[in-house]
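With our numbering applied, the sequence shown corresponds to residues 1376 to 1539, in that order. The C-beta atom is built at its ideal place from N, Cα and C for all residues, glycine as well. Input: a single structure, listed below in structure tokens.
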Amino acid sequence: MKQQFLDTYDQEHERTMRVLNAYPEDKADLKPHPKAKSARELAWVFVVECGMGKRVWHDEFKDGFKPGAAPPPAPDSWKEIVAAVQSASKEFRALAASASEETLHGKVHFFVAPKTMGELSRMDMLWFLLHDQIHHRGQLSVYLRMADAKVPSIYGPSGDEPWI
């Protein structure tokens, strides 16, 4: 079960890095709607979520969600953001890779529904955060097109990277 997660995590992380690396740095402040995050803020979510995942891993929310200090703002440089995503993802992956099966099945506290904390296994939390990262990557892939950049192949050919 752990190896299946790690294999999937590695594949999805590589796809995310392709999207991040395809994004034009000079369009980092693109904000497609007043309610939307800028591309810079959206890319920074990958780093923030890895930090949140580490807090959940250590069950810091067992007594309820108490936000810690606000996460640091995204760096101005797109390259710094991409490097931070790479580093944070590597650290987060290491938690799962080094864990025993018992640890992976151990319970932690996290959101199980909007505004609702509950118990779930660390393995379920890992999958939840991976799927949330995939969701945000999908958002960022739309920003790529809006930024007039080339959209890389993610799960199949794109208009910019055909397979044939």
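{"Asked": "Same chain, Cβ closer than 8 Å to W1502, five either side skipped, listed in chain order", "Found": "F1380"}
{"Asked": "Assigned exposure category for G1439 - 16 Cβ within 10 Å defines buried", "Found": "exposed"}
{"Asked": "Inter-stretch contact at 8 Å, needing at least 3 Cβ pairs: the region 1443–1457 / the region 1396–1408", "Found": "yes"}
{"Asked": "Pair within 7 Å by beta-carbon distance, M1500 and L1479", "Found": "no"}
{"Asked": "Residues that DSSP places opposite E1494 in a beta bridge", "Found": "H1484"}
{"Asked": "Residue of A1524, S1473, F1467, P1532 minimising C-alpha distance to V1423", "Found": "F1467"}
{"Asked": "Among Y1384, A1397, A1474, M1376, nearest to S1533 - alpha-carbon criterion", "Found": "A1397"}
{"Asked": "Touching by the beta-carbon criterion (3+ pairs, under 8 Å), the region 1385–1397 and the region 1507–1524", "Found": "yes"}
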